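Chemist: Quick one: the structure is below, and I'll ask about it shortly.
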Amino acid sequence: MFGQLIVEGLSIGACYALFGIAVVIIYKTSEVVNFAQGEMAMLSTFIAYHILTYYQYPFWVAFVMTMVFSILLGMFIEFAFLRPAKQPTLLGMIVITLGAEMLLMGVAGWKWGAEQKEFTLPFSFQVTHEPVPGVVISDWAMAVFATVICVMVFLYVFFKYTKLGVAMRATQQNRQAAKIMGIRVERVFSLAWGFSSLIGALAAMFFAARSTLDPAFMMEPFLRAFAAAVLGGLMSIPGVVIGGEILGLIENLFGYFWPEWKPIVAFLVIIVVLCIRPSGLFAKHYVKKV
Amino acid sequence: MDVKRDYYEDIQLLESKVVLLWSAAFLLFLFTLPFYLPKYYFYLLNLMMIHIILAVGLNILVGYTGQISLGHAGFFAIGAYGAALLVIKLQMPFMFALPLAGFIAAFFGFILGLPALRLEGPYLSIATLGFGLTVLQVIGHLDFFGGRTGIQVPPLDIGVPQLGLSFILETDMGKYYLILIVTILLVIAARNLMKTRVGRAFVAIRDSDIAAEVIGVNLTIYKTLSFAISAFYAGIAGGLFGFILGFFNPEPFNLILSIIFLVMIVVGGLGSILGAILGATVITYLQFSLLKNVKEMPYIGDFLVAISSRWLTVVGLENFNSIILGLIMIGIIIFEPLGMYGIWLRIKKYWRTWPF
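Residue numbers (numbering that gives the first Met the number 0), protein chains in the order written: chain W, 0 to 289; chain S, 0 to 355.
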């Protein structure tokens, strides 16, 4: 029983972590909190749904097309909405991403309506395995774990060993210096948004398979993932994964005993953690320039 | 733009006799509005003024003190439920219940201000957001607050019914005068507050909290005070909102509402009372009147329906207003970061220096 709760908590936590990684990538490079993340992922998932149901393509074709679309969407939003803003404040950035959120939600609602739709992945909830007696793990959960591990390994290699990854880290540390060193900072931002949108779309497909697909379905998961990212410190990718797992575990265990308070326990935990460690569990302490 | 020559010029309410004349004329216009406006506009006007109260309060927090809040719908809900429950359960006269609801909201604002002392930027936004969601959940799950079904508010009585002095405001027009007076008082209070020591401390914190602390502004007191004042305004606005709706449930006080409140002050102009008023008026008009029924919109309504049935869905056309709001939010930051107040300043400057 207890083991089952832990496995479920870990699997949903991994989902939050995956989506939290998307938030962190953007925050790491450009210090923008992207409130439109959930809706970008939602739109990508709707594209996948559209390709699957209207054109009847096989899943993996639709998957690849969706990934391409999500990269383009992320780059487009960065290019069209964030780049033209002249020296915006932090609040200005937040308002722009909130505006993009409303915009994308409106577009998806206009195109597909508000009714809930089925979205199925090849990894279903019904197919289950029982490695240890009493603990059931579904195909879906295994796919989530595998994806998170792949994404983490990929990002580790990417940020550590590729030229582009190093350029991204340099941009994050000091934008001006990176520019002087010959890095095209704008292009780096664009790519970061594309990457993040792709990872977000991956996570959103898992979320959609778990519940249903409608224009508002990513709102709750986004808030959870954002909370996980804040818990992990908004800067480190291992941090956000651990934050997501902690969040998923707390939520699942707490939700089992007091189901009606499940939606808010995550936020209470976050507020308490932030009171003790204002910049998250795994971030280096925030030093402010006067 | 205006050069202030001494301190008294800085703290006076109205800048000159001309401003006084125009303000008086505008107030006269507002008070005589029921004589020349059809009745069905008054619900919208009431809503606008409630949003003005809230936006002015939110602007004190966001625009003047520089703290972000994504949880103001929570304070709004606390005000609405506070005022309604005080009247229903404790049989309190409305005139006392309304300020008390404001103070309850202010208390919660003070509580929320405590973690805010250590947080900033994205961390503060997630904390306030969590607060808003928590309020919504608590209200939705406890039967004391009417749960998901909501509560029915008694008729708005501004007398003291226990003493036999009953004065029930039944129409939207009657409520209009009540809300108008409350709005005017609160707006003037906010304007004056910003010229006092407290207001200048807020602005100092916004510009640089470390520098403010160095020159002797007590951050603990002033940050929590800013949250409390802002929440007080939201509470008063919420209390009035509950009574103009008559019946409400936790549904409208969601995250989108908090975002819309933020949009109001950003569109109007951060750090200006006039901006908050303009922003609240325009966004309320767009949200609750012009874009409420997209299909019947003048000129482009039919066109949009045609597009929808050709490529998109007609059912989803009601999402059009969220597209417009999103575009406004993005556009205002890109093209006019000072908001409508910035446009107003530019117009004023143009005419003042006209031939040049």
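Don't be surprised by glycine CBs; every beta carbon is placed ideally from N, CA and C. In this text, all values refer to a predicted model and were calculated from it rather than measured experimentally.
Give the DSSP bridge partners of S:Phe246, in chain order.
Modeler: Sequence index remark: in the second sequence, residue 246 of chain S carries index 247 (1-based). Looking at the DSSP assignment, S:Phe246 forms a beta bridge with S:Gln151.
Chemist: How many Å lie between S:Glu14 and S:Trp353 at the Cα?
Modeler: Residue mapping note: residue 14 of chain S aligns to position 15 of the second sequence, counting from 1. Residue mapping note: residue 353 of chain S aligns to position 354 of the second sequence, counting from 1. Approximately 20 Å, taken between the alpha carbons.
Chemist: Residues of chain W with CB closer than 8 Å to the CB of S:Phe166, please, in chain order.
Modeler: To locate residue 166 of chain S, count along the second sequence from 1; it is residue 167. Under the 8 Å cutoff, chain W gives no residues; its nearest Cβ is about 41 Å from S:Phe166.
Chemist: Per DSSP, what are the beta-bridge partners of W:Lys116 in this structure?
Modeler: Here residue 116 of chain W is taken as the residue at index 117 of the first sequence, counted from 1. Paired residues: W:Leu212.
Chemist: Provide the residue(s) that pair with W:Ile50 in DSSP beta bridges, ordered along the chain.
Modeler: Taking the first sequence and counting its residues from 1, the one referred to as residue 50 of chain W is at position 51. In the DSSP output, where bridge partners are listed per residue, W:Ile50 has none listed.
Chemist: Along the chain, where does the alpha helix (DSSP H) containing W:Glu244 start, and where does it finish?
Modeler: Here residue 244 of chain W refers to the residue found at position 245 of the first sequence. Start and end: Ile236 to Phe256.
Chemist: Going by CA-CA distance only, name the one from W:Ile50, W:Glu77, W:Leu9 and W:Ser29 that's closest to W:Ala39.
Modeler: Here residue 39 of chain W refers to the residue found at position 40 when the first sequence is read from its first residue. Per the sequence presented here, residue 39 of chain W reads as Met, with Ala not at that position. If we check each option's Cα against that of W:Met39, W:Glu77 comes out closest.
Chemist: In the stretch 23 to 102 of chain S, which residue ranges form an unbroken alpha helix (DSSP H) of at least 4 residues, counting only runs that do not cross its ends?
Modeler: Listed in chain order, they are 32 to 35, 41 to 58 and 71 to 88.
Chemist: Counting pairs of beta carbons, one from the stretch 57 to 75 of chain W and one from the stretch 229 to 244 of chain W, are three or more of them closer than 8 Å?
Modeler: Contact fails: fewer than three Cβ-Cβ distances are below 8 Å.
Chemist: Quick check on W:Val289: buried or exposed, where buried means 16 or more other Cβ atoms within 10 Å of its Cβ?
Modeler: Translated into positions along the first sequence, residue 289 of chain W becomes position 290. With a pLDDT of 45 at W:Val289, under the threshold of 50, the predicted position of this residue should be treated as unreliable, though the coordinate-derived value follows. So W:Val289 ends up on the exposed side.
Chemist: Could you check whether the stretch 100 to 108 of chain W touches the stretch 323 to 332 of chain S, counting it as contact only if at least three pairs of C-beta atoms, one from each stretch, sit closer than 8 Å?
Modeler: Touching, yes.
Chemist: Cβ atoms of S:Leu57 and S:Phe260: under 8 Å apart, would you say?
Modeler: Counted from its first residue, the second sequence places residue 260 of chain S at position 261. Counted from its first residue, the second sequence places residue 57 of chain S at position 58. In contact: S:Phe260 and S:Leu57 (Cβ atoms closer than 8 Å).
Chemist: Provide the residue span of the alpha helix (DSSP H) that contains W:Pro220, from first to last.
Modeler: If you number the first sequence from 1, residue 220 of chain W lands on position 221. Segment Met218 to Gly231, the alpha helix (DSSP H) holding W:Pro220.
Chemist: Is S:Phe252 close to the ligand GDP? I mean its beta-carbon at under 7 Å from any heavy atom of the ligand.
Modeler: Here there are no bound small molecules, and the ligand GDP is not part of this structure.
Chemist: For W:Ser278 versus W:Gly232, is the C-beta spacing smaller than 8 Å?
Modeler: Walking along the first sequence from the start, residue 278 of chain W turns up at place 279. Walking along the first sequence from the start, residue 232 of chain W turns up at place 233. Their beta carbons are under 8 Å apart, which means W:Ser278 touches W:Gly232 by this criterion.
Chemist: Do you know offhand how far W:Trp260's Cα is from W:Tyr54's?
Modeler: Within the first sequence, the letter at position 261 stands for residue 260 of chain W. Within the first sequence, the letter at position 55 stands for residue 54 of chain W. The alpha-carbon atoms of W:Trp260 and W:Tyr54 are separated by roughly 42 Å.
Chemist: Using beta-carbon positions only, say whether S:Ala279 and S:Met94 come within less than 8 Å of one another.
Modeler: Counting from one through the second sequence, the residue named residue 279 of chain S turns up at place 280. Counting from one through the second sequence, the residue named residue 94 of chain S turns up at place 95. Not in contact: S:Ala279 and S:Met94 (Cβ atoms no closer than 8 Å).
Chemist: Can you name the start and end residues of the alpha helix (DSSP H) that S:Ser257 belongs to?
Modeler: Within the second sequence, residue 257 of chain S is the residue found at index 258, counting from 1. Here the alpha helix (DSSP H) through S:Ser257 covers Leu254 to Gly267.
Chemist: Is it right to say W:Met0 is buried, meaning 16 or more other beta carbons lie within 10 angstroms of its own, or is it exposed?
Modeler: Within the first sequence, the letter at position 1 stands for residue 0 of chain W. Exposed: under 16 other Cβ atoms inside 10 Å.
Chemist: Is W:Glu129 helix, strand or coil by DSSP?
Modeler: Your numbering for residue 129 of chain W matches position 130 in the first sequence. Strand at W:Glu129.
Chemist: What whole-angstrom Cβ distance do S:Phe226 and S:Leu60 have, given they're in contact under 8 Å?
Modeler: Locating residue 226 of chain S in the second sequence gives position 227, where the first residue counts as 1. Locating residue 60 of chain S in the second sequence gives position 61, where the first residue counts as 1. Contact holds; Cβ gap of about 6 Å.
Chemist: CA-CA distance, S:Lys3 and S:Leu12?
Modeler: On the second sequence, residue 3 of chain S is found 4 positions in, with the first residue counted as 1. On the second sequence, residue 12 of chain S is found 13 positions in, with the first residue counted as 1. S:Lys3 and S:Leu12: Cα-Cα distance of roughly 13 Å.
Chemist: Per the contact definition of three or more C-beta pairs closer than 8 Å, is the stretch 110 to 125 of chain W in contact with the stretch 133 to 152 of chain S?
Modeler: With the cut-off at 8 Å, the stretch 133 to 152 of chain S and the stretch 110 to 125 of chain W do not touch.
Chemist: What residue range is occupied by the uninterrupted beta strand (DSSP E) comprising W:Ser137?
Modeler: For the purposes of this step, residue 137 of chain W is taken as residue 138 along the first sequence, with counting starting at 1. Per DSSP, W:Ser137 belongs to the beta strand (DSSP E) from Val134 to Ser137.
Chemist: Taking 8 Å as the cut-off, does the stretch 26 to 42 of chain W touch the stretch 178 to 194 of chain W (at least 3 CB pairs, one atom from each stretch)?
Modeler: With a cut-off of 8 Å, the stretch 26 to 42 of chain W and the stretch 178 to 194 of chain W count as touching, because enough Cβ pairs lie within range.
Chemist: Which residues in chain S sit within 7 Å of W:Phe68, going by Cβ to Cβ distance?
Modeler: Indexing the first sequence from 1 puts residue 68 of chain W at position 69. Near W:Phe68 there are no residues of chain S at all, since even the closest Cβ is about 17 Å away, more than 7 Å.
Chemist: What residues in its chain sit with their C-beta under 6 Å from that of S:Ala200, if we drop five residues either side in the sequence?
Modeler: If you number the second sequence from 1, residue 200 of chain S lands on position 201. Result list for S:Ala200: Val216 and Tyr221, in chain order.
Chemist: Hey, would you say W:Trp111 sits closer than 8 Å to W:Phe205, going by beta carbons?
Modeler: Position 112 of the first sequence, counted from the first residue, corresponds to residue 111 of chain W. Position 206 of the first sequence, counted from the first residue, corresponds to residue 205 of chain W. Taking 8 Å as the Cβ cut-off, W:Trp111 and W:Phe205 do not qualify as a contacting pair.
Chemist: Contact between the stretch 214 to 227 of chain W and the stretch 82 to 96 of chain W is defined here as three or more beta-carbon pairs at a separation below 8 Å; is this criterion met?
Modeler: Cβ pair count under 8 Å is below three, so no.
Chemist: Three-state secondary structure (DSSP) at S:Asp156?
Modeler: If you number the second sequence from 1, residue 156 of chain S lands on position 157. Three-state result, S:Asp156: strand.
Chemist: In angstroms, rounded to a whole number, what distance separates the CA positions of S:Glu8 and S:Ala203?
Modeler: Indexing the second sequence from 1 puts residue 8 of chain S at position 9. Indexing the second sequence from 1 puts residue 203 of chain S at position 204. Distance between the alpha carbons of S:Glu8 and S:Ala203 is about 20 Å.
Chemist: From S:Ala96 to W:Leu51, what does the alpha carbon distance come to, in whole angstroms?
Modeler: Your numbering for residue 96 of chain S matches position 97 in the second sequence. Your numbering for residue 51 of chain W matches position 52 in the first sequence. Answer to the nearest angstrom: the Cα atoms are 56 Å apart.
Chemist: Can you look up W:Lys288 in the DSSP assignment and give me helix, strand or coil?
Modeler: Locating residue 288 of chain W in the first sequence gives position 289, counting from the first residue. With a pLDDT of 49 at W:Lys288, under the threshold of 50, the predicted position of this residue should be treated as unreliable, though the coordinate-derived value follows. Coil at W:Lys288, not helix or strand.
Chemist: Distance check for W:Ile241 and W:Val133, CA to CA, integer angstroms please.
Modeler: Counted from its first residue, the first sequence places residue 133 of chain W at position 134. Counted from its first residue, the first sequence places residue 241 of chain W at position 242. Sequence inspection shows Gly at residue 133 of chain W; the Val mentioned does not correspond to that position. If I take the Cα positions, the gap works out to 25 Å.
Chemist: So what does DSSP say about S:Leu277, is it helix, strand or coil?
Modeler: Indexing the second sequence from 1 puts residue 277 of chain S at position 278. Helix.
Chemist: For the stretch 318 to 330 of chain S, which residues have a beta carbon sitting closer than 7 Å to at least one beta carbon of chain W?
Modeler: If the cut-off is 7 Å between Cβ atoms, the stretch 318 to 330 of chain S has Asn318, Phe319, Ser321, Ile322, Leu324, Gly325, Leu326, Met328 and Ile329 near chain W.
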